[in-house]
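Input: a single structure, listed below in structure tokens.
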Amino acid sequence: MRFLVLAAMLLAPGAAARGEPPPGASSCSGCHALRPEVVTAVPRLHGRSAAELASQMQAFKTGQRPSTVMGRIAKGFSEAEAQAIAEWYAAVK
Amino acid sequence: MARLGFNRRHFLASLGAVSVAHIGAPARAQAAPRVVVIGGGFAGATAARAIKGTDPRIGVSLVESNRTFTACPFSNLVIGGLRALPAQQFGYDKISASGIDIVFATATGVDVAARRVALEDGTSLGYDRLIVAPGIDIRWDGLPGYTEAVAAKMPHAWKAGEQTLLLRRQLEALEDGGVVVMSVPANPFRCPPGPYERASLIAHYLKTRKPKSKILILDAKDSFSKQRLFQEAWKQLYPDHLEWVALSNGGRVTSIDARTQTFITEFGEYKAAVANVIPPQKAGGAAALAGAVDQTGWCPIDPVTFESKRSPNVHVVGDATIAGGMPKSAFSANAQAKVCAAAVVDLLAGRAPAQPKLINTCYSLVAPDYGISIAGVYGPVNGVLTDVPGAGGVSPIEAPRAEREQEALFAEGWFNTITAEVFG
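Chains as they are written, first to last, in this note's numbering: chain D, 3 to 95; chain S, 252 to 675.
Written out as structure tokens, the structure is:
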């Protein structure tokens, strides 16, 4: 949690500057582990580039990248919302 | 001993809060804010950690009756003989080490006006904001003949722990050919797909170990979560071992005869060799103490802050809430708690909380290597948490078996991830 807050502080003004994740972002860590010791087949998000994360969200949304649940979830976010989440996770070390 | 120390410090701190409060509101505002969380499950423990992690200056106390938490998700695997109960159990040491004061006690009252939580030992905790995360309680007046004493013989196993093991032991002792009967209540209840996952994993056990036995589901509903997926899988996997009786076919159980272990419906009687009664439920008791429960038995909340619509400065998260489209799941509880925590931090700092968006994802296992899921994305619309149109839904029907295997793997990854975030 602490490194999430630090990461968020590096970002642009607004909610993120106050140490808060953008809308929807805090839900992701229910499935996408932040801790290295967790054994899971679900890919990690943090530390990957914002461009990669945002383009994957878009690919899930269109179905270009096949998925189990991510297509259903990506459809709930606009491109701008997905971009904000991507930037936030990219900044988490 | 260390625990006693924590309690004593709490007590002194709360005495301090009383004297400050008597001096006047401005002095109170300048002191480090205090948050009390009642309930250390997926919702409460998440909220406590998220607040402390966001603003370490906030004093956070977590009030919890049990020293060990036993998780409900995946506990159906224990009932099916596929997992040991200790894999479901978590302690509070890591949460305590993160700077949260864990108070192992039962809350006995909430003075909403004075902002104090009374504990069973006569001490109390002052707060600026209270978060109530009590989970569910069984409505012992909800099904005639089903009492707490009867549950020791006909388990509900809807709160994981000893009840889970009791049902497991009864299945192990079942003679091949004996009938297992499960009753399912009307909505809403904790974990909407849970009864059907449990029935599936019991059928899996019967098919492999007691092949002449079967499980009968008596349902107070005509439809249920992930229904087409479950029914598709049952047809393939358990055609001889599982039968579902819908409301319109006389499935609604109206009373229980504990002496003969019989489920009574409007149209017939079903005697069980093993009985699993999933009874009607309501918000956990602490919600009522805080005045947060309405006539439905659940807690109406503001969808941005999760503040109670009935009690000021009291927030409710998890299964106890009326959360619009969001189901009563561990994933929802965790997601709600993080949104609530951010809102509480904002409110304590005098800022307006941002409009949130939340996700839910629930996996069910129909067999150990056969997973299905439901997902949703939610946001506040006209004061209600509402499904974002076009998003969410269930796994596809007639998907290749490899996809079911993949979802079973993701289910396990989800359990490991969420329990590490909350308790690790």
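Don't be surprised by glycine CBs; every beta carbon is placed ideally from N, CA and C.
Contact set between residue i and chain S, taken where Cβ atoms lie within less than 8 Å
i, result
"Glu81/D", "By Cβ distance, chain S contributes nothing, its closest Cβ being about 14 Å from Glu81/D, past 8 Å."
"Thr70/D", "Ser624, Ser646, Glu654, Gln657, Glu658, Phe661"
"Arg50/D", "Those do not exist, as Arg50/D stays about 17 Å from chain S at its closest Cβ, beyond 8 Å."
For residue i, the first and last residue of its enclosing beta strand (DSSP E)
i, result
"Ile389/S", "387-389"
"Ala484/S", "Element bounds for Ala484/S: not the beta strand (DSSP E) but the alpha helix (DSSP H), 478-488."
"Arg285/S", "285-289"
"Asp597/S", "First-last for Asp597/S: 581-599, but that is the alpha helix (DSSP H), not the beta strand (DSSP E)."
"Ile75/D", "First-last for Ile75/D: 72-76, but that is the alpha helix (DSSP H), not the beta strand (DSSP E)."
"Ser506/S", "504-508"
"Gly627/S", "621-632"
"Ser615/S", "609-618"
"Val40/D", "That residue, Val40/D, is in no beta strand (DSSP E); it is neither H nor E in DSSP."
"Asn527/S", "525-528"
"Ala512/S", "Note on identity: in this sequence residue 512/S is Gln, with Ala being the wrong assignment. Taken as a continuous stretch (DSSP letters only), Gln512/S belongs to no beta strand (DSSP E), as it is neither H nor E."
"Trp495/S", "493-496"
"Asp372/S", "Segment: none, Asp372/S is in no beta strand (DSSP E) and carries neither H nor E."
"Gly360/S", "358-362"
"Lys465/S", "465-470"
"Ile353/S", "352-355"
"Glu520/S", "520-522"
"Gln532/S", "532-534"
"Leu636/S", "635-638"
Limits of the unbroken alpha helix (DSSP H) element including residue i
i, result
"Tyr91/D", "81-92"
"Leu660/S", "652-674"
"Lys63/D", "52-64"
"Ala543/S", "Taken as a continuous stretch (DSSP letters only), Ala543/S belongs to no alpha helix (DSSP H), as it is neither H nor E."
"Ala27/D", "27-30"
Within chain D, the residues that residue i reaches when beta carbons sit closer than 9 Å
i, result
"Gly386/S", "By Cβ distance, chain D contributes nothing, its closest Cβ being about 17 Å from Gly386/S, past 9 Å."
"Glu672/S", "Met3, Ser31, Gly32, Ala35, Leu36, Arg37, Val40"
Beta carbon of residue i nearer than 8 Å to that of residue j
i, j, result
"Gly622/S", "Ala662/S", "yes"
"Ala322/S", "Thr670/S", "yes"
"Ile625/S", "Ser476/S", "yes"
"Ala584/S", "Gly360/S", "no"
"Cys591/S", "Thr637/S", "no"
"Ala76/D", "Ser51/D", "no"
"Pro530/S", "Pro436/S", "yes"
"Phe666/S", "Pro337/S", "no"
"Gln340/S", "Thr357/S", "no"
"Val431/S", "Leu469/S", "no"
"Gly502/S", "Ala471/S", "yes"
"Asp620/S", "Ala659/S", "yes"
"Pro578/S", "Pro25/D", "no"
"Thr42/D", "Ala35/D", "yes"
"Leu381/S", "Asn564/S", "yes"
"Ser562/S", "Ala537/S", "no"
"Val314/S", "Thr415/S", "no"
"Ala249/S", "Leu493/S", "It is not possible to answer for residue 249/S, since the shown part of chain S is limited to 252 through 675."
"Gly575/S", "Tyr629/S", "yes"
"Val44/D", "Thr511/S", "no"
"Asp388/S", "Lys533/S", "yes"
"Ala84/D", "Ala56/D", "yes"
Where residue i meets chain D, residues with beta-carbon distance less than 7 Å
i, result
"Pro607/S", "Pro25"
"Gly675/S", "Arg37"
"Asn667/S", "Val40, Val41, Thr42"
Chain-ordered neighbours of residue i on chain S, where CB pairs are closer than 9 Å
i, result
"Arg67/D", "Those do not exist, as Arg67/D stays about 14 Å from chain S at its closest Cβ, beyond 9 Å."
Partner residues on chain S for residue i, Cβ-Cβ distance less than 7 Å
i, result
"Ala43/D", "Leu660, Phe661, Gly664"
"Lys77/D", "Gly641, Ala642"
"Glu89/D", "Ordered by position in chain S, no residue passes the 7 Å Cβ test against Glu89/D, which lies about 16 Å from the chain."
"Glu54/D", "Per Cβ cutoff of 7 Å: no residues; Glu54/D is ~20 Å from chain S at best."
Within chain D, the residues that residue i reaches when beta carbons sit closer than 8 Å
i, result
"Thr612/S", "Gly32, Cys33, Val71, Ile75"
Name the residues in the segment 564-595 of chain S whose C-beta lies less than 7 Å from a C-beta of chain D; which are they? Phe582, Asn585, Ala586, Lys589, Val590, Ala593
Could you pull out every unbroken beta strand (DSSP E) segment of at least 3 residues lying fully inside the segment 376-455 of chain S, listed in chain order? 380-383, 387-389, 430-435
Could you list the residues in the segment 24-38 of chain D with a C-beta less than 8 Å from some C-beta on chain S, going in chain order? Pro25, Gly26, Ser28, Ser29, Cys30, Ser31, Gly32, Cys33, His34, Ala35, Leu36, Arg37
Which parts of the segment 280-349 of chain S are runs of the beta strand (DSSP E), unbroken and 3 residues or longer, counting only runs that do not cross its ends? 285-289, 310-315
Mind checking the segment 289-306 of chain S against chain D and listing, in chain order, the residues whose C-beta falls within less than 9 Å of any C-beta there? Arg300, Ala301, Lys303, Gly304, Thr305, Asp306
Closer than 7 Å between beta carbons: that is the criterion. Which residues of the segment 617-642 of chain S meet it against chain D? Ser624, Ala626, Val628, Val639, Gly641, Ala642
Taking beta-carbon pairs under 7 Å, can you tell me which members of the segment 346-360 of chain S lie near chain D? none
May I have a chain-ordered list of the beta strand (DSSP E) segments no shorter than 3 residues that lie completely inside the segment 542-576 of chain S? 565-567
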